[in-house]
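Chemist: Got a structure for you, written out below as structure tokens; questions coming shortly.
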Ligand SMILES: [Cu+2]
């Protein structure tokens, strides 16, 4: 039995026992296990907590069907979940959607998730953006076989924000997410409650995904072979929360819209079709310090952005479209609709956009241990190997010498997207945008530099970058160098960093980094 990997029979038995059971294995090498370093503060019960968790959830990945388009139902893969113990509101189902239930947890809560794989292939769940120990992070080496259950134990340590969860088995993340395996993971805390933000029915998640359907209403994936892998999957139809032609009925008042780009590879340039600017209040890692106005927002795969949208000046009956504006992102030359908002009823609300949203304890680049020579990662097409990071592709448990970091260190990482030779997209110098994700932490984006070769494409998207605040995924355009500032706290062991274009990731544009004590 591998680490915390139990059979169905054990799962049922465990249910009878209740909390407190810990599944530790002797067969996993120490360096892979990682360890919990006690954190300061009374709140930090820490991972591998003892006693019963405050919230216990059974989650499973299954195959099913959804009515998405008129006519025949679409075969999908789904996450289903139920609360075994704890508040019922810990899970919220999005009606009529293949998306998994929304986890709805409070900072500081201890959580146990029993994940059962009912697919016909290996899978494992990654809690995207969360600061959890390595055994809870969904590394592909922990993937479980059909019929098996993996038990996650962790404390929600992150600040309030819109995180998410999705599969992470090596080589199959793209198709598994594409067929429907993904869900949001919301965290709330005291700081978030302080500013008067729209809540309840006025706080809405919007998961944006592109899909391709065949004439029989079935999802098509990988049909273009090598092209799909090199470019990343690009669909011809946008779904919001799993629904086509999404229309959002609203009242004449402010809303909080939480956007996740849950697409495999598509980059969106989001704007309102009447030119209204967007008010951004949060990023991957939660609320910004203060709202930011943008003409448009660039949202790469896995990124989240939250908007404050006030419909109070709009007459009942008015329609507004959120659209993808033309840009140099792959397959994005034309404007296409994302969703329609329809003002349906009068309603007054006394809340106003707060000047201040939260306080960030931002770090200073001057304090980084490698401030003079950042750790550099070259993103490029390798000869005959597809996309590479520093000339390497994924190895399940290996780290190179330059991928070992020290617990407690603050570091600067610099992603260098090679611009290519300018010989065209499919020539020797193919260059594409890469949304770079680092597991287990939130970082700051501190600097961008664009080469003259990449400048014209960059100019079509760069005003939409929201670099303020906390991030777990940053878009690195061809010819661009992006510096991020990250700190390795609390946990040692093997984490991942990779491109979140899921086809690039599945091809191996992913590596481990090892946090050593
Ligand atoms: Cu990539």
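Residue numbers (my numbering): 540 to 1056.
All residues carry an ideal CB built from backbone N, CA and C; glycine is no exception.
What you are looking at is a predicted structure, and each value in this text was computed from that prediction instead of being measured.
1) I'd like to know if the segment 687-699 and the segment 636-647 are in contact, where contact means that at least 3 CB-CB pairs between them fall below 8 Å.
2) For residue 570, name the three-state secondary structure that DSSP assigns.
3) How about residue 638 and residue 596: do their beta carbons lie closer than 8 Å?
4) Taking the DSSP output, what are the residues bridged to residue 822?
5) Is it the case that the CB of residue 666 approaches a heavy atom of ligand 1 more closely than 7 Å?
6) If I'm right that residue 690 touches residue 653 with Cβ under 8 Å, what's the distance once you round it to whole angstroms?
7) Got a sec? Which residues, its chain only, sit under 7 Å from residue 887 by beta carbon, not counting five neighbours each side?
8) Can you give the Cα-Cα distance for residue 1052 and residue 830, rounded to whole angstroms?
9) Could you give the residue range of the beta strand (DSSP E) that holds residue 742?
10) What span of residues does the beta strand (DSSP E) with residue 595 cover, start to end?
11) Measuring alpha carbon to alpha carbon, tell me which of 1028, 726, 955 ends up nearest residue 990.
12) Taking 7 Å as the cut-off, is the C-beta of residue 926 nearer than that to any heavy atom in ligand 1?
13) Do you know whose CA, among 981, 957, 984, 977, lies nearest residue 994's CA?
14) Going along the chain, which residues of its own chain have a beta-carbon closer than 6 Å to the beta-carbon of residue 870, five neighbours each way excluded?
15) Within the same chain, show all residues whose beta-carbon is closer than 6 Å to that of residue 734, passing over the 5 residues directly before and after it, in chain order.
16) Cβ of residue 1041 within 7 Å of any heavy atom in ligand 1?
17) Can you check the segment 693-761 for any beta strand (DSSP E) of at least 3 residues that lies completely inside it and give the ranges in chain order?
18) So is the beta-carbon of residue 1048 under 7 Å away from any non-hydrogen atom of ligand 1?
19) Give a yes or no on whether the C-beta atoms belonging to residue 827 and residue 1008 are separated by under 8 Å.
20) Hey, would you say residue 1010 sits closer than 8 Å to residue 825, going by beta carbons?
21) Return helix, strand or coil for residue 770, following the three-state DSSP convention.
22) DSSP three-state call for residue 857: helix, strand or coil?
23) Taking the C-alpha atoms as reference points, what is the distance between residue 1005 and residue 944?
24) Find the nearest neighbour of residue 736 within the set 1003, 984, 1034, 820, judged by alpha-carbon distance.
25) List in chain order: all unbroken beta strand (DSSP E) runs of 3+ residues lying wholly within the segment 891-979.
26) Consider the C-beta atom of residue 976 and the heavy atoms of ligand 1; say whether any pair is separated by less than 7 Å.
27) Going by DSSP, name the residue or residues bridged to residue 983.
28) Please classify residue 963 as buried or exposed, where buried requires at least 16 neighbouring CB atoms within 10 angstroms.
29) Would you identify the three-state DSSP class for residue 1033, choosing helix, strand or coil?
30) Rounded to whole angstroms, what's the CA-CA distance from residue 673 to residue 948? Just pull it up for me.
31) Whole angstroms is fine: what's the gap from residue 985's alpha carbon to residue 855's?
32) Please list, in chain order, all residues of the same chain as residue 632 whose beta carbon is under 6 Å from its beta carbon, the five residues on each side excluded.
33) Evaluate contact between the segment 657-672 and the segment 742-761, counting only Cβ atoms and requiring at least three cross-stretch pairs below 8 Å.
34) Looking at the strands, I want to know which residues DSSP matches up with residue 1004.
35) Roughly how many angstroms lie between the CA atoms of residue 591 and residue 727, to the nearest whole one?
36) With distances taken from CA atoms, which of 745, 782, 978, 761 is nearest residue 1025?
Modeler: Let's see:
1) Taking 8 Å as the limit for Cβ pairs, the verdict is that the segment 636-647 does touch the segment 687-699.
2) Unreliable placement is indicated for residue 570, whose pLDDT of 36 sits below 50; the coordinate value is still reported in the next sentence. DSSP places residue 570 in helix when its eight states are reduced to three.
3) Using a Cβ distance threshold of 8 Å, residue 638 and residue 596 do not count as a contacting pair.
4) DSSP, once it has assigned bridges, lists 825 as partnering residue 822.
5) Flag unset: Cβ of residue 666 not near ligand 1.
6) Confirmed, about 5 Å.
7) Residues of the same chain with a CB within less than 7 Å of the CB of residue 887, apart from the 5 flanking positions on each side, are 792 in chain order.
8) Straight-line spacing of the CA atoms in residue 1052 and residue 830 works out to 34 Å.
9) Start and end: 742-750.
10) Per DSSP, the continuous beta strand (DSSP E) segment holding residue 595 begins and ends at 594-605.
11) Cα-wise, what sits closest to residue 990 is 955.
12) Yes, since a heavy atom of ligand 1 falls inside the 7 Å radius drawn around the Cβ of residue 926.
13) Looking at the Cα atoms, 957 is the closest of the given residues.
14) Closer than 6 Å at Cβ, skipping near neighbours: 773.
15) Cβ within range, chain order: 893, 896.
16) Distance from the C-beta of residue 1041 to the nearest heavy atom of ligand 1 is not below 7 Å.
17) The qualifying runs are 700-706, 722-727, 742-750.
18) Remark: the shortest separation between the CB of residue 1048 and any heavy atom of ligand 1 falls under 7 Å.
19) The answer is yes: Cβ separation under 8 Å.
20) No, the Cβ-Cβ distance between residue 1010 and residue 825 is not below 8 Å.
21) Three-state result, residue 770: helix.
22) Per DSSP, reduced to three states, the secondary structure at residue 857 is coil, with no helix or strand assignment.
23) One C-alpha to the other measures close to 27 Å.
24) Nearest to residue 736 by C-alpha distance, out of 1003, 984, 1034, 820, is 820.
25) With a minimum length of 3 residues, the continuous beta strand (DSSP E) runs that stay inside the segment 891-979 are 914-921, 925-928, 943-945, 949-956, 973-977.
26) Look at residue 976: its beta carbon is at least 7 Å from all of the heavy atoms in ligand 1.
27) DSSP, once it has assigned bridges, lists 1024 as partnering residue 983.
28) Because residue 963 carries a pLDDT of 43, less than 50, the predicted location of this residue cannot be relied on, and the following value inherits that uncertainty. Exposed, because fewer than 16 other Cβ atoms sit within 10 Å of the Cβ of residue 963.
29) Residue state, collapsed to three classes: strand.
30) When rounded, the distance between both Cα atoms is 17 Å.
31) Their backbone Cα atoms lie some 43 Å apart in a straight line.
32) Closer than 6 Å at the Cβ level, and outside the excluded window around residue 632, lie 640.
33) No contact exists between the segment 657-672 and the segment 742-761.
34) Its beta-bridge partners do not exist; DSSP assigns none.
35) If you take the alpha carbons of residue 591 and residue 727, they lie about 21 Å apart.
36) The shortest C-alpha separation from residue 1025 is found at 978.
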